[in-house]
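Trainee: Quick one: the structure is below, and I'll ask about it shortly.
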Amino acid sequence: MEIADYLPVLIQVLLAAALAGAILMASHVFGQRARGNYIKDKAYECGLPMEGNPHPRFGVKFYVVAMLFILFDIEAVFLIPWALIYREFIASHIPILWPVMFFIGILVLGLAYEMKKKGLEWER
Amino acid sequence: MDIVEILLKILFAILVVVVIMTIAAYSVLAERKVASWIQGRVGPNRTALPGLSAIPVLGRFLVRMGMWQPLADGVKFLFKEDPLPGHVKKWYYCLAPVVALVPSLSTVAVLPFGAYWVNGVEYPLVLANVDIGILFILAISSLTVYGIVMAGWAANSKYPYFGSIRSSAQMISYELAMGMSVIPVFMWANGPATGFGDLTLFGVVAAQKDLWLGIWMPLPAFVFLVSLFAETNRLPFDMPESETELVGGFHTEYGSFKFGLFFVGEYAAMAIGSAVFVVLFLGGWNFLPTFGFLPDWVANPWATWGWFGSVVSVLFFIGKTLTFIFLFIWVRWTLPRFRYDQVMNLGWKYLVPLAVASIIIYAIVIALWDTAVTVDHIKPETFGPAPQ
Amino acid sequence: MENFLFYLFSVLTILGALLLVVNRNAVNGAMFMIISLIGMAALFLLLEAYFLFILQILVYAGAVMVLFLFIVMLIDVEKGPKTRPDGLTIAASIVGLALLLLGIIAVFTTDSATSALPEVTKLPEAASAAGIPFGTSVRGYGYGLFTKYMLPFQVTGFLLLIAMIGVIVVSKKITASGDAEKEGPKKA
């Protein structure tokens with residue numbers, strides 16, 4: 001595993017960005033021209049004039065979901081190195097199942113708590 | 125690393141991008157054709173290049189099935205007016221389609237799509253065979269959410285805004301279930317039979333010679349597949365563009381090829397997602413699982429055919445992927461859309477606990493299996509060198 | 513090539529961080545922070561710490577920044593108020609800058625063999641003494657994390673549990689009986 005192995009990744013990212021940019025440019029160059037007018041410069045709300053703030057407030061629920069996502073994501077990230085060495089450790093008789101089950105148990109405890117307190121409930 | 129090698133790599137990358145874009149474009153046509161079959165219509169059937177039907181024998185077949193429809197769609201996108209409405213935030217408005225497309229095209233760099241054999245040893249056909257394969261795909265595809273958030277925010281309009289907020293909450297929720305559902309796969313794939321220690325997708329395919337993981341791990345496969353539908357915003361989960369309530373969702377204010385990039389990006393993500401599913405759970409380019417008692421050549425009958433064998437393996441892999449793209453389309457025109465609270469409840473209250481449960485179950489089962497069957501037969505040299 | 517990439521991504525990281533600080537538009541700030549974090553991820557990649565590279569993108573650029581964007585959108589601040597810094601802020605920033613300059617000068621003028629910088633980049637002695645292979649591959653992390661560092665790993669589990677409880681506490685009104693009160697109507 002060397003740093004040079006990642007060169008194709010860099011190439012791919014640059015290529016994808018260049019492709020998307022080129023398509024946008026081509027669309028701008030070849031596209032028909034039309035004069036903008038008052039209606040075109042207004043937000044589309046099914047033909048009615050726009051009403052109120054274009055960025056209305058939304059429920060705090062979305063914010064809670066994002067916070068919980070970070071926490072569970074970190075848990076999942078810890079489990080990835082574990083999945084890699086799991087069978088190797090078992091083969092060399094290093095205790096690995098129960099310690100990590102304890103960790104997952106804490107995760108399950110958190111999940112159960114969220115469910116009990118209806119933190120995961122999406123109210124209608 | 126000399127200049128020729130780099131040029132070759134660039135050429136290879138361009139080839140892969142062309143194939144992905146073609147598959148994405150023809151998925152759009154396939155979607156319309158399958159929809160029309162399911163609904164008892166004809167669908168696009170007469171788009172053709174002028175003069176093609178005059179070719180004696182072949183001509184009749186070249187104009188069938190709306191075969192040239194993707195080309196016509198592309199040309200139409202290209203020559204339409206490229207609107208830039210006055211109320212949008214211009215810089216982010218133009219940047220959003222690019223940000224939506226780049227991650228899905230970048231993930232393909234680590235995706236193995238075939239194999240070649242030198243003296244009986246299998247090597248992957250892949251742009252970058254890096255040891256963090258699946259994590260790379262999960263991480264980079266999670267960046268797609270910024271394209272959607274940016275589009276919704278920059279459009280400065282209510283419906284796109286709501287669409288983008290909903291979709292980002294949905295995508296991060298299902299990303300979690302998806303990330304957890306691959307852990308049993310890698311737990312199994314890094315076993316004594318296949319060598320210990322990395323996250324390459326090639327290693328996963330190599331570990332599936334005897335038994336495809338979709339058979340042995342149906343629960344993670346199911347969680348992964350459902351999450352894949354939600355991640356690519358496909359129909360039972362297409363919250364960001366649920367047109368009955370949000371007009372067009374996050375791309376309401378977009379037109380011309382800016383909209384086209386979102387569109388192509390979605391289909392490219394679908395194609396790559398199907399390919400990842402095939403690699404993880406359906407044995408990649410392997411022909412059939414050997415189940416431990418069939419002869420070895422069943423896994424890769426083309427292993428001894430030289431370069432032609434590699435071509436066949438790539439085609440077989442693409443064929444499996446196309447089957448899954450068909451499944452995506454079929455589901456889209458069969459199931460109705462979930463309500464948003466149902467989507468979030470399904471993700472958090474069913475899929476995440478299911479994924480955690482599958483981690484626990486497979487950890488215990490693999491531990492029992494290894495202590496009972498495998499451990500005593502392991503030779504120390506299969507451990508491989510200590511990591512650097 | 514690698515040197516060039518190092519300088520490129522360093523500039524990207526520092527420039528992103530700098531623009532994040534001076535930009536008054538909160539959404540622009542969040543975008544610059546993403547750029548800075550991705551630049552940092554690339555620096556990890558150049559250090560051949562591949563696992564850290566991908567974690568930086570997965571956790572910071574992919575998860576934490578989504579939360580930040582949500583907050584920025586939730587409270588709908590696009591332009592922060594224009595305030596003049598007061599005397600204390602100016603004094604604190606001058607002291608901070610002076611300390612930074614002092615540190616840079618100290619690192620570049622002292623003999624590199626005796627300065628503090630090589631000390632922190634050395635491998636921890638305890639790790640190599642315990643026979644744990646010290647490396648940057650994912651497997652290497654696994655060896656360390658699930659043998660020698662098992663206790664900190666478990667403590668992290670408890671930390672995350674506490675954070676989960678915290679999420680409920682800050683997002684729900686808890687009544688005296690310990691039950692969460694029903695939220696008001698939501699909009700989206």
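Protein chains in written order, with this note's numbering: chain U, 1 to 124; chain C, 125 to 512; chain R, 513 to 700. Glycine is no exception: its CB is placed at the ideal position from the N, C-alpha and C atoms.
I believe Ala399 (chain C) touches Leu219 (chain C) by the beta-carbon criterion, under 8 angstroms. Please report the beta-carbon distance rounded to the nearest angstrom.
Mentor: The distance from the Cβ of Ala399 (chain C) to that of Leu219 (chain C) is about 27 angstroms, inconsistent with a contact at the 8 angstroms cut-off.
Trainee: Along the segment 12-44 of chain U, where does the CB come closer than 8 angstroms to a CB of chain C? Name the residues.
Mentor: Gln12, Val13, Leu15, Ala16, Ala17, Leu19, Ala20, Gly21, Ile23, Leu24, Ala26, Ser27, His28, Phe30, Gly31, Gln32, Arg33, Ala34, Gly36, Lys40, Asp41, Lys42, Ala43 and Tyr44
Trainee: Which residues of chain R have a Cβ atom closer than 7 angstroms to the Cβ of Val60 (chain U), listed in chain order?
Mentor: Ser683
Trainee: Contact check, Gly373 (chain C) vs Gly287 (chain C) under 8 angstroms by CB: the rounded distance?
Mentor: Rounded, the Cβ-Cβ distance is 3 angstroms, consistent with contact.
Trainee: Taking the beta carbon of Asn314 (chain C) as the centre, do at least 16 other beta carbons fall within 10 Å, making it buried, or is it exposed?
Mentor: buried
Trainee: Going along chain C, which residues have a C-beta under 9 angstroms from Met676 (chain R)?
Mentor: Near Met676 (chain R) there are no residues of chain C at all, since even the closest Cβ is about 13 angstroms away, more than 9 angstroms.
Trainee: Of all the options C:Val480, C:Ala427, C:Phe381 and C:Trp454, which has the alpha carbon lying nearest to the alpha carbon of Val242 (chain C)?
Mentor: C:Ala427
Trainee: For Gly271 (chain C) and Leu120 (chain U), what's the separation of their Cα atoms in angstroms?
Mentor: 26 angstroms
Trainee: Is the CB-CB distance between Ala18 (chain U) and Val222 (chain C) below 8 angstroms?
Mentor: no
Trainee: Please go through the same chain and pick out, in chain order, the residues whose beta-carbon is closer than 8 angstroms to the beta-carbon of Thr458 (chain C), but skip the five residues on each side of it.
Mentor: Ile162
Trainee: Can Ser230 (chain C) and Leu570 (chain R) be called in contact, C-beta distance under 8 angstroms?
Mentor: no
Trainee: Measure from the alpha carbon of Gly379 (chain C) to the alpha carbon of each residue in U:Leu107, U:His28, U:Ala83 and U:Pro8, then state which is nearest.
Mentor: When each option's Cα is compared against that of Gly379 (chain C), the closest is U:His28.
Trainee: Taking DSSP's pairing of strands, which residues face Trp431 (chain C) in a bridge?
Mentor: Per DSSP, none; premise fails for Trp431 (chain C).
Trainee: Three-state secondary structure (DSSP) at Leu517 (chain R)?
Mentor: helix
Trainee: So, under 8 angstroms CB-CB, Ala190 (chain C) and Gly167 (chain C) are touching, yes? Tell me the CB distance rounded to an integer number of Å.
Mentor: In the sequence as displayed, the identity of residue 190 (chain C) is Gly instead of Ala. Gly190 (chain C) to Gly167 (chain C), Cβ: 7 angstroms. Contact.
Trainee: Quick check on this structure: which residue in R:Met543, R:Ser605, R:Gly615 and R:Phe582 has the alpha carbon closest to the alpha carbon of Leu527 (chain R)?
Mentor: R:Met543
Trainee: Look up Ala239 (chain C) in the DSSP assignment and say whether it is helix, strand or coil.
Mentor: strand
Trainee: Just to confirm the assignment: which complete beta strand (DSSP E) runs, minimum length 3, are found wholly within the segment 26-100 of chain U?
Mentor: none
Trainee: Could you compute how far the alpha carbon of Ala293 (chain C) sits from the alpha carbon of Ala575 (chain R)?
Mentor: 11 angstroms
Trainee: Residues in the segment 255-271 of chain C with C-beta within 8 angstroms of chain R's C-beta atoms, listed in sequence order?
Mentor: Asp255, Ile256, Leu259, Phe260, Leu262, Ala263, Ile264, Ser266, Leu267, Val269 and Tyr270
Trainee: Go ahead and label Met513 (chain R) buried or exposed: buried means 16 or more other beta carbons lie within 10 angstroms of its beta carbon, across all protein chains shown.
Mentor: Its Cβ having fewer than 16 others within 10 Å, Met513 (chain R) is exposed.
Trainee: Could you compute how far the alpha carbon of Tyr44 (chain U) sits from the alpha carbon of Glu377 (chain C)?
Mentor: The alpha-carbon atoms of Tyr44 (chain U) and Glu377 (chain C) are separated by roughly 7 angstroms.
Trainee: Establish whether the CB of Ser291 (chain C) and some CB of chain R are separated by less than 8 angstroms.
Mentor: no
Trainee: Checking the sheet assignment: what are the DSSP bridge partners for Val245 (chain C)?
Mentor: C:Val242
Trainee: Quick one: is Phe670 (chain R) buried, meaning 16 or more other Cβ sit within 10 Å of its Cβ, or exposed?
Mentor: exposed
Trainee: If you check the beta carbons only, do Leu359 (chain C) and Arg461 (chain C) fall under 8 angstroms apart?
Mentor: yes
Trainee: Asp126 (chain C) touches chain R at which residues, Cβ-Cβ below 9 angstroms?
Mentor: Near Asp126 (chain C) there are no residues of chain R at all, since even the closest Cβ is about 12 angstroms away, more than 9 angstroms.
Trainee: How about Met363 (chain C) and Phe452 (chain C): do their beta carbons lie closer than 8 angstroms?
Mentor: no
Trainee: Rounded to the nearest angstrom, what separates Ile490 (chain C) and Ala538 (chain R) at their Cα positions?
Mentor: 49 angstroms
Trainee: Residues of chain R with a CB under 8 angstroms from the CB of Asp322 (chain C): which are they?
Mentor: Ser649, Val650 and Arg651
Trainee: Check whether the segment 320-338 of chain C and the segment 83-92 of chain U are in contact - that is, three or more C-beta pairs closer than 8 angstroms.
Mentor: yes
Trainee: Would you verify that the beta carbon of Tyr655 (chain R) is, or is not, closer than 8 angstroms to some beta carbon of chain U?
Mentor: yes
Trainee: Work out the CA separation of His93 (chain U) and Asp494 (chain C) for me, nearest whole Å.
Mentor: 11 angstroms
Trainee: At the 8 angstroms Cβ level, is Val273 (chain C) part of the contact set with chain R, yes or no?
Mentor: yes
Trainee: Which whole-angstrom value is the C-beta distance of Ser228 (chain C) and Ile396 (chain C), which I expect to be below 8 angstroms?
Mentor: About 6 angstroms separates the two Cβ atoms, so the contact holds.
Trainee: Classify Ala700 (chain R) as helix, strand or coil using the three-state DSSP reduction.
Mentor: Because Ala700 (chain R) carries a pLDDT of 43, less than 50, the predicted location of this residue cannot be relied on, and the following value inherits that uncertainty. If DSSP states are grouped into helix, strand and coil, Ala700 (chain R) belongs with coil.
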